[in-house]
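**Student:** Have a look at this one.
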Amino acid sequence: MTSPPAAGVTTAPAAPRSRKSVTGTRKAVAALFLLPALVLLGALVVYPIGYSLVRSFYDQSGDGFAGFDNYEALFTDDSIRTALKNNIIWVVFAPTVATALGLIFAVLTERVRWGTAFKLVVFMPMAISMLAAGIIFRLVYDQDPEKGVANAVWVGVHDTFAQASAFPKAHPGRDSPLRAQGGGFVTKEPVRAGDRVTLPLVGVAPDQMPDSAKKAVAPQAEPGKITGTTWQDFTRGKGVGTLGKPDPSEVGYAGMRIEAVKDGKVVASTKAADDGTFTLPAEADGAQLRLPAGNFKEPYNGLDWLGPSLVTPAIIGSYIWMWAGFAMVLIAAGLAGMPRELLEAARVDGANEWQVFRRVTVPLLAPVLAVVTVTLMINVLKVFDLVFIIAPGSSQDDADVLALELYRKGFAEDQPGVASAIAVFLLLLVIPVMWFNVRRLRREVRR
Amino acid sequence: MVSTSSTHRTRRAAQTAAALLAGALALSLTACGGSDDDKSSDKPSGTAPGKEPGTSLSLPKLNGTTLEVAAVWTGAEQKNFKKVLAEFERRTGAKVTFVPAQDPVINFLGSKIAGGKPPDIAMLPQPGAIKQAVDKNWAKPLGAEAQAELAKNYSQGWQDIGKVDGKQYGVYYKAANKSLIWYNAKVFENAGAGEPKTWKDLVSTAQTVYDSGVTPFSIGGADGWTLTDWFENVYLSQAGPEKYDQLAQHKIKWTDPSVKEALTTLAEIWGKKDFIAGGANGALQTEFPASVTQTFTGGDQPKAGMVFEGDFVQVNIGETKAKVGTDAKVFPFPAVGDTAPVVSGGDAAVILKDSKGAQALATFLASPDAATVQAKLGGYLSPNKSVDPSSYPNEVQRKMAEALIAAGDDFRFDMSDQAPQAFGGTPGKGEWKDLQDFLKNPGDVAGTQQKLEQDAAQAYGS
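So the sequence lines, in the order shown, correspond to chains A and B. So for the first sequence, this note's numbering puts the first residue at 193; every next one is plus one. So for the second sequence, this note's numbering puts the first residue at 48; every next one is plus one.
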């Protein structure tokens, strides 16, 4: 801010002198003023780039010349290839989605009364560091629905449509008359009318039993009918107790569905009473009793957000959360500078709002959209912190991007040569995008 | 004021006495102290080594010296260690700064040394790292005082793993007993289960816990090292110490039948998705601290009944309401083969910048004085046999420490810590990653072996 007037002051007394000497001093002064910047640039930008380039041609210890070996590793090493693949996904999706969302936000907020407040809220994530955002999203994507908000919502939606069952972990204990079949359990032997059947299971903690459950009682025989009991054959603190017989403190599986199956067809079905007893009619004679899978459905645990397959999209989501606000602000600025007459003219000509948006607003905003997308692309190529923090150790390999792989190769695996090669490769990737941006800027200036 | 001056006087008296007693051992130190410290040389006892009443340890006066100690410890561990450093500062007058390092520590030190500013002392968690540091000429051998202190307080086995080519470089300041299974006492009581002695018992205990309605195991699979520790305990007990050493040095291949047997045994627990809290996928996203806390929170219905790991688990138990010894109990890793395994770990202090101060600090860390300070704070085991067991804050801790000392030289050091870092100590790579994949897919023993061998060959070869 202060330098332009200062420069003006120094040139003012020089004016009366001859033109030649003036330019002469100017050159020296210019060099003098440029020197600090040049030294800094040289030391902090040019030298590291140059050294990385040199280092990338040397082997691990830095003593022997390795030729293009490190660059060969770029395309043969498995983890670098995963990183490359993920980087492509990032570059394709993150900037476009962020820009698209930014455009939508910008256009819509122009029309609402509380637009500024809304913009403020959308822009706010930009005020947080990448590291903090990473930690936030590590929690958001936590597997446990009680901790991770993403899974809490997902499970909530899911459970509205599919109820969880009462006995998710129940399973046959030792020497059980039951065997597993298709997620449920079925008796090994067919039952006969007049039989008293016991269907013991274990694995349901007492405090997870339905509230209505009462102490289990042994079945009473009824002629012509099949009676039985299904209960939790496990006494707290004692283990199984009397195997296959209800002990005093053991509780019946209230509400357990029981089906009698003959030749693959359900011939009768019932529900266990609060004390676990049930009665089946005579038709069930000769059938096998089945506790269908519906009784044992595991509670839905949500998506594996940070598992191998979803981890990259999940992290891209958090990136968009941060950067959509940035896109919105730039696009809104472009929108503000747009000639209103054109929009008015289009409306007068009978275009509807969608047509105005599609045919007038977007084409006029194209240069801004391009700048935003390209800037985000450069930003995305170097993404590191979000991936490093959000991906748990077990799926870091699957979420790998080039910048992270550079760090891992250089600092965790002690392969500075390969790491330098990745750095050079990243630089090469950024150059065309930068060139595009610089060229656009020049054209803009010329105009 | 009166009391301070009187203690000051007694200390001075003790110092003079100690100067005579310390004799040849402290001779070089006192000589150095005299020439360096001209401020105190005019006082009569200025050249005497700093000496606390009731200990045989003599430390030089180091006023004006600054030292840096690098270690990867965080949280409570770091806080407690800083108290030990403060004690050193108090006794010698030196200023010691703790430099937080990150894993892998050897690469962290590499960049520090490349930058020309190595810490004076680094805590290296692996014997492999000590060897690397020696090979690269970073580590400086211990002086006579530190060696004497070490010989006095450490068993031969613990001295030897700090040696490279017969020269003593490392002082194992901290030890870990990695052959423990912690359990929620309430869960075991509800299930009517007892502490198992053999692997078979462990599996049936797990079944009993599962029958009672609680998932038996919590595994912090997001951190690969918890998985390598599982494997090492099974392998050490099943294949025996000789094979263990051979595998650690990669003299036998990972495709060896003994590895197959160990992995198959491991799959008896890892392979049952109902036995692991959250199933394999859940475990792979659970970090070690969470794997502990979820075992000891939730009243009668914790996420799991048991969690396997070393003595340091109690630091994390401290974050819950559970009390070690009553709510959280521990049993030794059961015998898979003939004898129960004792896998240990530890952090060794290695001098990177040789100086009087660094040598004095190494000596101090080898002494029972330093270990006692941290032992009292809990969550810490010392391989130092001169530490009084009563310094440990609770029964559980005391038992573990006594077991460690009693094991004498029969312990084996953590195998993945002996392996090259790229294989045994890098998140998402090598053994860590391969065992994570095995946890996810426990049926694929042969494939896991192949992957392990491939990664090991690459890491040991380079």
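Glycine included, every Cβ here is placed at the ideal spot set by N, Cα and C. Values in this document were obtained by computation on a predicted structure and should not be read as measured data.
(1) Which residue from Ala337/B, Lys187/B and Gly268/B puts its Cα closest to that of Glu366/B?
(2) By alpha-carbon positions, which one of Gly433/A, Gly542/A, Ala538/A and Pro559/A ends up nearest to Ala524/A?
(3) Just tell me which of Thr390/A, Ala265/A and Phe260/A has its CA closest to the CA of Val409/A.
(4) So, for Asp358/B: in the same chain, excluding its five sequence neighbours on each side, which residues have a beta-carbon less than 7 Å away from its beta-carbon?
(5) Measure the C-alpha to C-alpha separation of Thr77/B and Val143/B and round it to an integer number of angstroms.
(6) For chain B, check one thing: does any of its Cβ atoms lie closer than 8 Å to the Cβ of Phe426/A?
(7) Using a Cβ-Cβ cut-off of 6 Å (strictly less than) and excluding sequence neighbours within five positions of Asp270/B, which residues of its own chain qualify?
(8) With burial defined as no fewer than 16 other Cβ atoms inside 10 Å of the residue's Cβ, what is the status of Arg138/B: buried or exposed?
(9) Got a sec: is the Cβ-Cβ distance from Asn237/B to anything in chain A below 8 Å?
(10) State the DSSP-derived secondary structure class of Ile418/A, mapped to helix, strand or coil.
(11) Within 8 Å (strictly less), CB to CB, does Pro151/B reach chain A?
(12) Which value, in whole angstroms, describes the spacing of the CA atoms of Thr94/B and Lys221/B?
(13) Ordered along the chain, which non-local residues of its own chain (more than five positions away) have a Cβ less than 8 Å from that of Gly340/A?
(14) So that I know if they touch, is there some Cβ in chain A lying closer than 8 Å to that of Ser463/B?
(15) Contact between the stretch 475-482 of chain A and the stretch 423-438 of chain A: three or more CB pairs below 8 Å?
(16) Output, in sequence order along the chain, the residues in the stretch 567-587 of chain A whose CB is closer than 9 Å to any CB in chain B.
(17) Using a Cβ-Cβ cut-off of 8 Å, state whether Asp351/A counts as contacting chain B.
(18) Report all residues from its chain with a CB closer than 6 Å to the CB of Met401/A; omit the five preceding and five following residues, and keep chain order.
(19) Do Leu399/B and Ile208/B have their CB atoms nearer than 8 Å?
(20) Taking 8 Å as the threshold (beta carbon to beta carbon), is Gln348/B in contact with chain A?
(21) Taking Cβ to Cβ, would you say Trp277/B is nearer than 8 Å to Pro381/B?
(22) To be precise: take each residue of the stretch 250-273 of chain B, compare its Cβ to all Cβ atoms of chain A, and keep it if any distance is under 7 Å. Which residues remain?
(23) I'd like to know if Ala169/B contacts chain A, where contact means its C-beta is closer than 8 Å to some C-beta of that chain.
(24) Output yes if chain B places a C-beta closer than 8 Å to the C-beta of Leu498/A; else output no.
(25) Can you pull the chain B neighbours of Phe603/A, defined as C-beta to C-beta under 7 Å?
(26) Does Lys159/B pass the burial test, meaning 16 or more other C-beta atoms within 10 Å, or should it be called exposed?
(27) Should the stretch 474-481 of chain B be called in touch with the stretch 187-195 of chain B, which here means at least 3 C-beta pairs below 8 Å?
(28) If the cut is a Cβ gap below 9 Å, which residues of chain A does Asp321/B touch?
(29) Which residue marks the beginning of the beta strand (DSSP E) containing Pro147/B, and which one marks its end?
(30) So, does the CB of Gln335/A fall closer than 8 Å to a CB anywhere in chain B?
(31) Can you pull the chain A neighbours of Asn328/B, defined as C-beta to C-beta under 8 Å?
(32) If we ignore side chains and look at the alpha-carbon of each, how far apart do Asn343/A and Phe580/A end up?
(33) For Glu414/A, count the other beta carbons within 10 Å of its own beta carbon; 16 or more makes it buried, fewer makes it exposed. Which is it?
(34) Determine which residues share a DSSP beta bridge with Pro392/A and list them.
(35) Since Ala298/A and Leu556/A are thought to touch, with beta carbons under 8 Å apart, how far apart are those beta carbons, to the nearest angstrom?
(36) Report the CB separation of Tyr250/A from Gly609/A in whole angstroms; it is logged as a contact under 8 Å.
**Tutor:** Inspection of the coordinates gives the following:
(1) Ala337/B
(2) Pro559/A
(3) Thr390/A
(4) Ala223, Asn224, Leu227, Leu428 and Met447
(5) For Thr77/B, the predicted structure reports a pLDDT of 39, less than 50, and the residue's modelled location is therefore unreliable. A value from the coordinates is still provided. Each residue's alpha carbon lies about 21 Å from the other.
(6) yes
(7) Glu334 and Phe335
(8) buried
(9) yes
(10) strand
(11) yes
(12) Residue confidence for Thr94/B is low, a pLDDT of 38 falling below 50, so the modelled location carries little weight; the figure read from the coordinates is stated next. About 32 Å.
(13) Leu331, Val332, Tyr333, Asp334, Gly494 and Trp497
(14) no
(15) no
(16) Ala583, Pro584, Gly585, Ser586 and Ser587
(17) no
(18) Val443
(19) no
(20) yes
(21) no
(22) Thr255, Tyr257, Asp258, Ser259, Gly260, Val261, Gly268, Ala269, Asp270 and Gly271
(23) no
(24) yes
(25) Asn154
(26) buried
(27) no
(28) Lys361, His363 and Gly395
(29) Lys142 to Pro147
(30) yes
(31) Gln335, Asp496 and Gly499
(32) 21 Å
(33) exposed
(34) Trp423/A
(35) At roughly 13 Å, the Cβ-Cβ gap does not stay under 8 Å, so Ala298/A and Leu556/A are not in contact.
(36) 6 Å
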